[in-house]
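Visitor:
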Amino acid sequence: MPRGNSIKKVTYYLLLASSVVVLLVHSTIDQEFKDQGQETLVSAELFDQTDNIKFVQASQSTPILDGNKALELVQNLPTVRRKAREIQRLSRGTIRVASVVDSSPTVDTPYYVVRVFENHSDQSTSTIYWFRVLSPSGQIQALDLIQNEYIPVDKWNPDRR
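Read the sequence shown against the UniProt record's numbering and you will find it ends at 161, with the numbers running on by one and no gaps.
Encoded structure:
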């Protein structure tokens, strides 16, 4: 019996010590997050008070380019819109033109890759055009299939007319 009691006591003390350690670590981490949040708040307030006008001007002059905006820029190109109408008309509405962002900017590739394709009723697709939308400028480049290189969209003529 005495031996069983000592095992219970050791187990009890170990659990109690573990609980105390967990509480101390939790309170330390919680306090660090509170301090960090206060520092961020103070620096944001200082920035807001001193550079309010500059900040507003900077945010208004630099639009943010995301995947949806890149997709919208490509979809609104006259050539893409014309091709979409042509395909829909020739297929009598059975083939729709769609587009998708295939890749997003990275350190090595600072652009979105947008693919425009035919979306067939049997769920198959056929790529029509490839574009790169440079981030953050929004400049669009099209893949010239003859030269196999991306060129500015204003110099691109996919129909060779």
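Note that beta-carbon positions come from the ideal geometry of N, C-alpha and C, so glycine has one too.
Keep in mind that this is a model prediction, so the values were computed, not measured.
#1: Tell me whether the beta-carbon of V114 lies closer than 8 Å to the beta-carbon of S99.
#2: For the putative contact between V133 and L73, defined by C-beta atoms under 8 Å, what is the C-beta separation to the nearest angstrom?
#3: Just to confirm the assignment: which complete beta strand (DSSP E) runs, minimum length 3, are found wholly within the region 115-159?
#4: Considering only residues of the region 61-101, which uninterrupted beta strand (DSSP E) runs meet the minimum length of 3 residues and lie entirely inside it, listed in chain order?
#5: Can you find the residues in the same chain that come closer than 8 Å, C-beta to C-beta, to R81, ignoring five residues on each side of it along the sequence?
#6: Could you tell me whether the Cβ atoms of Y111 and S135 are closer together than 8 Å?
#7: Contact check, V101 vs A84 under 8 Å by CB: the rounded distance?
#8: Run the CB neighbour count on P152, radius 10 Å, all protein chains shown included, and call it buried at 16 or more, exposed below.
#9: Per DSSP, Y112 is paired with what?
#10: To the nearest angstrom, report how far apart Q88 and P105 are at their CA atoms.
#11: Are the CB atoms of T125 and F117 within a distance shorter than 8 Å?
#12: Nearest to T79 by alpha carbon, out of I128, D66, I95, D122?
#13: Might you give, ordered along the chain, the residues of its own chain that have their beta carbon closer than 6 Å to the beta carbon of L65, omitting 5 neighbours on each side?
#14: Which residue or residues does DSSP assign as beta-bridge partners of S6?
Guide: Answer, in terms of the structure:
#1: yes
#2: 6 Å
#3: 125-134, 140-144, 149-152
#4: none
#5: Q75
#6: yes
#7: 17 Å between Cβ atoms; not a contact.
#8: exposed
#9: V133
#10: 32 Å
#11: yes
#12: I128
#13: S135, P136, G138
#14: Paired residue(s): none; S6 is not in a bridge.
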